[in-house]
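> Residue numbers (UniProt numbering), protein chains in the order written: chain A, 1 to 257; chain B, 1 to 257. Sharing a structure below in structure tokens format, with a few things to ask.
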């Protein structure tokens, strides 16, 4: 049985704790949060009354792995404060390089969007791992492989690109849907009318690359419809966005004609 | 039993024909295509050897409804050529106003993205209807209600906004995913690693409005990550897009703080 502690009490910490609690081979040992109220809430949310929580980094003991699930700009400082000699310290950030401030360093980046109460199948989440030695890579891989079947050895530079790709795939797609919903609401149309189209859009993406699935006026080089849409948006903030994205699609697919 | 003819042999004509063929109350009577080769292929694709096809608009007989499933810029011309006195002429375009060139006019706009061989559950597709009289509205509503449970009475101006919303929800979301896939490929990462994130992104949108589901650096007003991503994109065409979309999200959510 190997032991894990977690630094952080946010969404990633919550979901990784849940995933670890399902494992026979790994045991959740300590959880660190800055505030007692946060660690207490974390225990409550996980329904783990006897989980050992600490609010002082020095109270974290040597274990096999400590997962540092905190915001990017705090990672370096927190890891540099840990005075552990045998514990592998892994952060979970997509946008942060492998640190070299602990004795043993690794990365365990789950490529997924975590919302606290949204259930996930952890087996399908891609885990991107990296470590400062073969031994540490093997250890972090062992943990990742118990949680998920999708484990990728990805270096810091690739991980940063993946994180950026995730912004497009998740945050920006979501924002496009938000605009669609806004347009409905502004015109007294119940935005739930868009649901079947949203579902179909993403169902198609399970079956083919997005470059093949692309449709619409810009893909068809239909300048008349683009102009009509542009004029329709003249009183909103979305006009420049419509023009910019359409222009990119026109350029991309125009080249291919 | 009521009779329908269809003008057009593209994706919308194909799918609406399939939907109509499932109905007991409506019969597909004639299909018009400009070229004999297109109507022959259409018959083959639907596996309907005995479907009556015509290649001359004047050969279309009086029926209950003719559905005009052709490109937006051909609708007006084609409808004005039809010399039918009792048939309700309905086009299926989101971006085209109700025409007044036939004796009886309607619109039957399916709010969905149609790919020829992608199976769809027609029962769930929202059909937006409009007509030039109460009698014609009732007739087009009767057809729409047999195909789908989701029928909306939407005027031309609302329909145009819906069509525009669909561009954001379908074409632009798809393009965001395309960029994510490109970033993977450019960095020697198998883009299938993005699949679970794509699925989760849209699964969340089934449960909550996009405005609540929004996450990411711009939502968090995290200018440091935005700048890091921006610099990462400096050698690509996507930089302006990243900046533009992030700025919109920053503005939208900044206001709400």
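Ideal placement from N, C-alpha and C gives every residue a C-beta, glycine not left out.
(1) Take residue 265 of chain B as the anchor and find which of B/111, B/119, B/23, B/61 has the nearest alpha-carbon.
(2) Using alpha carbons as the reference points, say which of B/192, B/130, B/227, B/42 lies closest to residue 55 of chain B.
(3) Find the nearest neighbour of residue 6 of chain B within the set B/195, B/57, B/168, B/244, judged by alpha-carbon distance.
(4) Just reading off the alpha helix (DSSP H) that residue 196 of chain B is part of, what are its end residues?
(5) Compare the C-alpha of residue 186 of chain A against each of A/159, A/130, A/238 and name the closest.
(6) Chain B beta carbons: is any one of them nearer than 7 Å to that of residue 122 of chain A?
(7) Using CA coordinates, which residue listed in A/220, A/96, A/115, A/4 is at the minimum distance from residue 64 of chain A?
(8) I'd like to know if residue 1 of chain B contacts chain A, where contact means its C-beta is closer than 7 Å to some C-beta of that chain.
(9) Closest by CA to residue 61 of chain A, which one among A/88, A/69, A/38, A/71?
(10) Taking C-beta to C-beta, are residue 151 of chain B and residue 127 of chain B nearer than 7 Å?
(11) For residue 35 of chain B, does the three-state DSSP call read helix, strand or coil?
(12) Considering residue 54 of chain B, what are the terminal residues of the beta strand (DSSP E) in which it resides?
(13) Check whether the region 28-44 of chain B and the region 91-99 of chain B touch, using three or more Cβ-Cβ pairs below 8 Å as the test.
(14) Using a Cβ-Cβ cutoff of 9 Å, what residues of the region 27-56 of chain A are near chain B? List them in chain order.
(15) Three-state secondary structure (DSSP) at residue 107 of chain B?
(16) For residue 257 of chain A and residue 192 of chain B, I'd like the C-alpha separation in whole angstroms.
(17) Using only the alpha-carbon positions, how far apart do residue 123 of chain A and residue 140 of chain A sit?
(18) Do three or more CB pairs link the region 64-80 of chain B to the region 46-55 of chain B at distances below 8 Å?
(19) What are the residues of the region 91-103 of chain A that lie near chain B, defined by any Cβ-Cβ distance shorter than 7 Å?
(20) Using a beta-carbon distance below 7 Å, is residue 13 of chain B in contact with chain A?
(21) Look up residue 221 of chain A in the DSSP assignment and give the residues it is bridged to.
(22) Counting only beta-carbon separations shorter than 7 Å, does residue 257 of chain A have a partner in chain B?
(23) Please look up how many angstroms separate the CB atoms of residue 92 of chain B and residue 69 of chain B, rounded, as I've assumed it's under 8 Å.
(24) Kindly give me the distance between the Cβ atoms of residue 194 of chain B and residue 26 of chain B, rounded to whole angstroms, as I take these residues to be in contact under 8 Å.
(25) Just verifying my parser: in three-state terms, what is the DSSP assignment at residue 257 of chain B?
(26) Residues in its own chain within less than 7 Å of residue 166 of chain B by CB, not counting five upstream and five downstream?
(27) Pairs of beta-carbons, one from the region 234-254 of chain B and one from the region 170-180 of chain A, closer than 8 Å: are there three or more?
(28) I want to verify the contact list: residues of chain A whose CB lies under 7 Å from the CB of residue 229 of chain B, in sequence order.
(29) Alpha carbon to alpha carbon, how far is residue 228 of chain B from residue 234 of chain B? Give it in angstroms, no decimals.
(30) Going by Cα to Cα distance, which pick from B/106, B/120, B/116 is closest to residue 14 of chain B?
(31) Please go through the region 149-177 of chain B and give each complete alpha helix (DSSP H) segment of 4 or more residues, from N-terminal end onward.
Taking the geometry as given:
(1) Outside the displayed span of chain B (1 to 257) sits residue 265 of chain B, for which this structure offers no information.
(2) In the second chain, counting from the first residue as 1, residue 55 of chain B sits at position 55. For the residues B/192, B/130, B/227, B/42, the minimum Cα distance to residue 55 of chain B belongs to B/42.
(3) Walking along the second chain from the start, residue 6 of chain B turns up at place 6. Answer by Cα proximity: B/57.
(4) One-based indexing of the second chain puts residue 196 of chain B at position 196. Here the alpha helix (DSSP H) through residue 196 of chain B covers 195-207.
(5) Within the first chain, residue 186 of chain A is the residue found at index 186, counting from 1. When only C-alpha atoms are compared, the closest one is A/238.
(6) Along the first chain, one-based indexing puts residue 122 of chain A at 122. False, the Cβ-Cβ gap to chain B never drops below 7 Å.
(7) Indexing the first chain from 1 puts residue 64 of chain A at position 64. When each option's Cα is compared against that of residue 64 of chain A, the closest is A/4.
(8) For the purposes of this step, residue 1 of chain B is taken as residue 1 along the second chain, with counting starting at 1. Taking Cβ atoms only, chain A never reaches closer than 7 Å to residue 1 of chain B, which makes this a no.
(9) Here the question's residue 61 of chain A lines up with position 61 in the first chain. Measuring from the Cα of residue 61 of chain A, the nearest candidate turns out to be A/88.
(10) Taking the first residue of the second chain as 1, we reach residue 151 of chain B at position 151. Taking the first residue of the second chain as 1, we reach residue 127 of chain B at position 127. Closer than 7 Å, so yes.
(11) The residue labelled residue 35 of chain B in the question sits at position 35 within the second chain. Note: residue 35 of chain B maps to coil in three-state DSSP.
(12) Here residue 54 of chain B refers to the residue found at position 54 of the second chain. Start and end: 52-54.
(13) Contact between the region 28-44 of chain B and the region 91-99 of chain B is absent: fewer than 3 CB-CB pairs across the two stretches fall below 8 Å.
(14) Shown here is that no member of the region 27-56 of chain A has a Cβ falling below 9 Å from a Cβ of chain B.
(15) The residue labelled residue 107 of chain B in the question sits at position 107 within the second chain. In this structure, residue 107 of chain B counts as strand in the three-state DSSP scheme.
(16) Locating residue 257 of chain A in the first chain gives position 257, counting from the first residue. Locating residue 192 of chain B in the second chain gives position 192, counting from the first residue. In this prediction, residue 257 of chain A scores a pLDDT of 48, lower than 50, which makes its location untrustworthy; the coordinate-derived value is nonetheless stated afterwards. Answer to the nearest angstrom: the Cα atoms are 26 Å apart.
(17) To locate residue 123 of chain A, count along the first chain from 1; it is residue 123. To locate residue 140 of chain A, count along the first chain from 1; it is residue 140. So the two alpha carbons sit approximately 16 Å from each other.
(18) no
(19) 95
(20) Translated into positions along the second chain, residue 13 of chain B becomes position 13. Taking Cβ atoms only, chain A never reaches closer than 7 Å to residue 13 of chain B, which makes this a no.
(21) Here residue 221 of chain A refers to the residue found at position 221 when the first chain is read from its first residue. None, per the DSSP bridge assignment.
(22) Residue numbering aside, residue 257 of chain A sits at position 257 when the first chain is read from its first letter. Its pLDDT being 48, under 50, residue 257 of chain A is placed unreliably by the model, and nothing is read from it.
(23) By one-based count along the second chain, residue 92 of chain B stands at place 92. By one-based count along the second chain, residue 69 of chain B stands at place 69. Right, the Cβ-Cβ distance comes to about 5 Å (below 8 Å), so this counts as a contact.
(24) Working through the second chain from its first residue, we reach residue 194 of chain B at position 194. Working through the second chain from its first residue, we reach residue 26 of chain B at position 26. At roughly 42 Å, the Cβ-Cβ gap does not stay under 8 Å, so residue 194 of chain B and residue 26 of chain B are not in contact.
(25) In the second chain, the residue the question calls residue 257 of chain B occupies position 257. Bear in mind that a pLDDT of 47 at residue 257 of chain B, under 50, signals an unreliable position, so the model cannot answer this.
(26) Walking along the second chain from the start, residue 166 of chain B turns up at place 166. Hits under 7 Å: 94, 111.
(27) yes
(28) Within the second chain, the letter at position 229 stands for residue 229 of chain B. Under the 7 Å cutoff, chain A gives 164, 167.
(29) Counting from 1 along the second chain, the entry for residue 234 of chain B is found at position 234. Counting from 1 along the second chain, the entry for residue 228 of chain B is found at position 228. Cα to Cα, residue 234 of chain B sits roughly 10 Å from residue 228 of chain B.
(30) As a working note, residue 14 of chain B is residue 14 in the second chain. Nearest of B/106, B/120, B/116 to residue 14 of chain B, Cα basis: B/116.
(31) 156-166
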